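Q: If you scroll down you'll find the structure; I have some questions about it.
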Amino acid sequence: MTAISSYARALAVATGTAAPTATVRHAHLSARPFVLVPLTLAGEANAPLAAMVGTAWDEATLLVVAQPRNRDLRFAFADQLAQIMLPHVLGFAAATEELTSGPRSLDAPQLIVPNPAGVEFVRLFARSTRFRSTEGEYAVAPNVPVLGRWLTFFAERAEIPGSSLMLAVTDLLGLHWATGQSALEDANLAALLGWIDPPPGLRGAAAARLAEDPRHCPPAGPTTDPGFDTEQLAPAIAAYDTAVAAAAADPAAGSAGVARAVTRLENLLRTQLQPTWDLVWRALDLLDGLPPGASVPARWETDRARYTGFHTYMVEEGLPQARRDGAVTAARRLNRIEQAQAAYDADRAFDDPLVMAQHRVTGEAFSGTVVAVERDRRIPNGRGKGRLVTRPLLTVRTEDPIRLTVGAKVVASSRRRQECVIEAIDIPPEGGGLLITLEARSGMGRSAVPAPGTVAEVGESLCYSAVLADGVRSAPMPDTADTPWTHGGPPEPYEPTEKDTAEAWE
Amino acid sequence: MQNRTEDRTEQRLDRLRGRAPRRRHDARTIAALTRNPGCARRAVLDAAGVDKELLARQIGFAAPFGQSPFAIVRGNVFEARVTADECAALLTLLAECLDTDAEAGADEATSSDVIYLDLGASGAGPDAEGPARRLERTEAVLRSEAAARAGAGSRAETRAEPRRTVLLAHPLLRLAVGGQDVYLEPDLLVIRPDGRAHVVEIKSFAVVDGQADGEKVAAAAVQAAVYVLALRRMLGTPAAVSHDVVLVCPKDFSNVPLATRVDVRRQLLALDHQLARLTTVQTLLDALPPEVTFDLAPAADGAPTRPAGELTDALDQLPARYAPDCLSVCELAFRCRQEAAGRTAALGASVREELGGIDTVAEVLDLAGGARTPTESQAEAAAHLMITARMYAEGLSAGQALAPPLAPLPAPAQLQASLSASHPVPASASASVSGGEHG
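So the sequences go chain by chain: U and W. All the letters of the first sequence, read from the start, carry residue numbers 411 to 916 under the working numbering. All the letters of the second sequence, read from the start, carry residue numbers -12 to 426 under the working numbering.
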């Protein structure tokens, strides 16, 4: 929790509706997102029970596993999901642009799930399908392992801060609004939306209470409500089992009974999924109402490049991702995540004054007015030879409680290409805030005199931030083959083996 | 003297509970209790064995606690599989998991050296013969095993004596919590040839590629630590009970058991500390007016008839310490949350801290808006809040200047008005939350 988001929560308690913590949307939203609302059977290890999927609010497809403990049915579900999802996912690969670094798709698929538990479902479901063999004793449909590898790709991208390839709606809402309840209660999608967009005549708290009642509003999953399990789901699954047994004894007469039992389950599970499905689309509409942040397209470009890269990998090699990362791979991944986090934090603050507000509270950023400019200042470049470089000086008056020191690098949100260094911090004799002297170091063109408009004018209001995505390079990693013994030594090169596919089927 | 005090406490607790049968503590409730040791309400109600779930339902704040029948079936099936044939499958797993010394494990784990004792088998259940007998038997076995090994003496003799592994199923343990004895039932205890006892917990959550749900592992570890602590206190020799417990879980997506050793030293320290901090129940009872009771006055058919108002009044006599965490562990959390409305603690500990530890939301906003003079201890927090409020307002308006307007920021006057209206949450909402729960 930050000071700003905590204060916003207090405001939300007082006003009865969520308070904004962002003024722009910090994630890319696809015009045709692939929404997946999964349900699992309680107690089992990620056994799918049902899912509602589709790329438009009014085009939902319901998938149901009539007996989730039956592994054949589980993989039949995976096949059904693959038949719907893979054409969508692969459909973005054809249209590409040529860059010097290789091709990049013009758009990419986006997977939306209701909550972080939905992301975890995708990760585990991907794990349970990507190693499956398509031949031999426990063969699955050819689509299933391919789906598993793609879902693994999405789940891994979901760990990267700022990536929009797979998003959980509750995370997304929590990034843009603060409710008058605790973060723990915000995990409930319906309650969260109750605060952000309460039904007419209800205050946020009341709407959230209503939303917490599983009978009024089924949980967003993947876990179902225990009361629903006891009273409705268990009898319906038992009826299906009975019907299957009857059909085994008398196939001619029994098949209608099985169909009836499946229909009953479908109707039942639709009642649990439809409300969440509607909430997800409502949330997407709300988010779509926010203008995108300035750096969103650039981050989506990275996502598109990753998508094309993985697509190429699937075409050329297509082996399943390893169960666990080796030491070097893990260190690289962690490093990538840290860098992405730093870049994302900096970008969001520059895109959004309300995010910047948090850095101003902590004194890592300040806003103020330019009171003096020494535009044509030239100083020796410090490398001898008497060469002069252009280094304008700006003096900014601020009222903010800064915690920066002389020598700190800062960048203004409206002049992101210009890096400045704090040269002096003075208390003006007449009082009233601080005077910060900045030396502009870049972003002024190549000529001796700064290009027009590249240096701020007196009277201009600026917000400078020291939260920057400085490209700190980590120490070079050893080659995978040289992994030191402290980290387990060189890992066995991963090759899918018989053992992977022979994983207990029962 | 000592006895009289104990009797008095027991009588008072019986009166608090009323006619209902006593709800016993178990490892899970102790773990929950230690998560919020400052909550007098929970401490007293648990000590008295009040059925908090029924109480919450009667006052209109039913909490959605309950386990899915599918989860229960899966748990039972898995446990049955692990403990089948006197835990035959488990023995190899335990040997692999607990033997740091691979060579020692190889020649020891022969089945002839294994004794399997089911301490719950002879009685029809814990209530048939009372917990005392089973507790006695558990203690006797543990002590005789410890003595046998101590008697084995030197290394030479140890070799002569058959070194054996003892598996105890359905043991019963005792632990004093807040001055009350609590009986605990671990799944299994194993006494290794080296004489150390290990707690074995069978859980049905999956371990996929060596990783399991962190929250579930943490809960299981605390629960196991409760057993370790109870055992250590019963035996009086901490060294006889290992801080390494064994979690037995299904591997990957199968039903094949996998044993993992978990070090619970950290949990033990925390538990020990929290249990010592628990105010003894007697002190809390002394502060309670004598007429307070949570008797639900069940009718002939067992349905509670006590008016909700009376019960709520009784609850008001017992101060609660609500935190959002309570929602996942305590049946009364919905009621306490209602009471905590408008308090910063209800938003979570870290939010409260960010708001300078100020108690109520109204105070926070008054201080932030300069509408209230801070006390000396609030001065620093107030200055920080004023800055935060200014930055928030500036950030919002700057953002709106760049983009089409969002929800307008309420003016301070408006804020105050809506704040005073906000406190009693509409009764209709809370009533309908619990409305359907009675069936």
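Glycine included, every Cβ here is placed at the ideal spot set by N, Cα and C. All values reported here derive from a predicted model rather than from experimental measurement.
Alpha carbons only, please: which of Val177(W), Val351(W) and Glu73(W) is nearest the one belonging to Ala82(W)?
A: It is Val177(W).
Q: Would you kindly report the start and end of the unbroken alpha helix (DSSP H) that includes Asp353(W)?
A: Note, Asp353(W): alpha helix (DSSP H), Val348 to Gly356.
Q: Quick check on Tyr214(W): does DSSP put it in helix, strand or coil?
A: Note: Tyr214(W) maps to helix in three-state DSSP.
Q: Beta-carbon within less than 6 Å of Ala333(W)'s beta-carbon, same chain only, minus the 5 sequence neighbours each way: which residues are those?
A: If we look at Ala333(W) and ignore the five residues flanking it on each side, its Cβ neighbours are Ala327.
Q: Of all the CB atoms in chain U, is at least one closer than 8 Å to the CB of Ala369(W)?
A: Not closer than 8 Å to any Cβ of chain U, the Cβ of Ala369(W) fails to qualify, so no.
Q: Quick check on Pro609(U): does DSSP put it in helix, strand or coil?
A: It is coil, neither helix nor strand.
Q: Candidates Leu845(U), Pro555(U), Ala536(U) and Thr580(U): which alpha carbon is nearest Glu545(U)'s?
A: Here the closest residue by C-alpha is Pro555(U).
Q: Extract the residue ranges of the beta strand (DSSP E) inside the region 765 to 793 of chain U, only unbroken runs of 3 or more that lie entirely within it.
A: Runs of the beta strand (DSSP E) inside the region 765 to 793 of chain U: 775 to 784 and 788 to 790.
Q: Using a C-beta cutoff of 8 Å, does Gly843(U) count as contacting chain W?
A: No - not a single Cβ of chain W is within 8 Å of the one on Gly843(U).
Q: With DSSP as the reference, label Ser823(U) as helix, strand or coil.
A: Coil at Ser823(U), not helix or strand.
Q: Between which two residues does the alpha helix (DSSP H) containing Val865(U) stretch?
A: Val865(U) -> no alpha helix (DSSP H), and no H or E assigned at all.
Q: How close, in whole Å, do the beta carbons of Asp239(W) and Ala301(W) come, if the pair is a contact with beta carbons under 8 Å?
A: Contact flag wrong, Cβ pair sits at about 50 Å.
Q: Considering Cα atoms alone, identify which of Thr779(U), Thr712(U) and Gly728(U) is closest to Tyr754(U).
A: Measuring from the Cα of Tyr754(U), the nearest candidate turns out to be Thr712(U).
Q: Near Val243(W), which residues of its chain fall below 8 Å by C-beta distance, leaving aside the five closest residues on each side in sequence?
A: Cβ within range, chain order: Pro237.
Q: Touching or not, the region 0 to 16 of chain W and the region 280 to 289 of chain W, by the rule of three or more beta carbon pairs under 8 Å?
A: Touching, yes.
Q: Mark His260(W) as exposed unless 16 or more other C-beta atoms lie within 10 angstroms of its C-beta, in which case mark it buried.
A: Exposed, because fewer than 16 other Cβ atoms sit within 10 Å of the Cβ of His260(W).
Q: Return the Cβ separation of Ala19(W) and Val316(W) in integer angstroms, given the expectation that the two are a contact with Cβ distance under 8 Å.
A: Going by Cβ atoms, the distance from Ala19(W) to Val316(W) rounds to 4 Å, so yes, they are a contact pair.
Q: Quick one: does Gln210(W) have its CB under 8 Å from some CB of chain U?
A: Closer than 8 Å: no.
Q: Just how far apart, CA to CA, sit Pro183(W) and Arg22(W)?
A: A quick correction: the sequence has Arg, not Pro, at residue 183(W). In a straight line, the C-alpha of Arg183(W) is about 29 Å away from that of Arg22(W).
Q: Identify the residues that DSSP records as bridge partners of Arg807(U): which are they?
A: The partner list for Arg807(U) (beta bridge, DSSP) reads Thr779(U) and Leu845(U).
Q: So if I threshold CB-CB distances at 8 Å, which residues from the region 344 to 361 of chain W count as touching chain U?
A: Those residues of the region 344 to 361 of chain W that come within reach of chain U (Cβ to Cβ, closer than 8 Å) are Val348, Ala349, Val351, Leu352 and Ala355.
Q: Whose C-beta lies closer than 8 Å to the C-beta of Thr815(U) among residues of the same chain, with five residues either side of it excluded?
A: The answer, listed in chain order, is Ile832 and Ile835.
Q: Could you name the residues of chain W that Asp762(U) contacts, counting a contact when the two beta carbons are closer than 7 Å?
A: Within chain W, the residues near Asp762(U) are Gly386.
Q: Locate the beta strand (DSSP E) running through Val434(U), then write down its first and last residues.
A: Premise fails: Val434(U) is in no beta strand (DSSP E) and is neither H nor E.
Q: Taking only beta carbons into account, state which residues of the region 685 to 702 of chain U come closer than 8 Å to chain W, listed in chain order.
A: For the region 685 to 702 of chain U, which is checked against every Cβ of chain W, the residues closer than 8 Å are Leu700 and Pro701.
Q: Using a Cβ cut-off of 8 Å (strictly closer), state whether Arg674(U) contacts chain W.
A: False, the Cβ-Cβ gap to chain W never drops below 8 Å.
Q: Tell whether a beta-carbon distance below 8 Å holds between Ala43(W) and Phe321(W).
A: Closer than 8 Å, so yes.
Q: Leaving out five residues before and five after Thr893(U) in sequence, what residues of the same chain have Cβ atoms less than 8 Å from its Cβ?
A: Answer for Thr893(U): Gly736, Ala737, Val738, Gly899, Pro900 and Pro901, listed in chain order.
Q: At a CB-CB cut-off below 7 Å, which residues of chain W make contact with Asp639(U)?
A: What Asp639(U) touches in chain W: Ser55, Pro56 and Phe57.
Q: Any contact between the region 558 to 570 of chain U and the region 523 to 543 of chain U? By contact I mean 3 or more CB pairs, one from each, below 8 Å.
A: Enough Cβ pairs lie closer than 8 Å, so yes.
Q: Taking a contact to mean a Cβ-Cβ separation below 8 Å, would you say Pro938(U) touches Phe564(U) in this structure?
A: Here chain U has residues from 411 to 916 only, and residue 938(U) is not among them.
Q: Which stretch, first to last residue, makes up the alpha helix (DSSP H) that contains Asp259(W)?
A: Per DSSP, Asp259(W) belongs to the alpha helix (DSSP H) from Arg252 to Arg264.
Q: Output needed for Arg219(W): all residues of its chain with C-beta closer than 8 Å, excluding positions within five of it in sequence on either side, in chain order.
A: Once the five neighbours on either side are set aside, the close Cβ partners of Arg219(W) are Pro225, Ala227 and Val228.
Q: Short of 9 Å Cβ to Cβ, which residues in the region 234 to 268 of chain W face chain U?
A: Result list: Pro237, Lys238, Asp239, Phe240, Ser241, Asn242 and Val243.
Q: By DSSP, does Lys190(W) sit in helix, in strand, or in coil?
A: DSSP places Lys190(W) in coil when its eight states are reduced to three.
Q: In chain W, which residues lie less than 8 Å from Arg733(U) when you measure between Cβ atoms?
A: Within chain W, the residues near Arg733(U) are Asp196.
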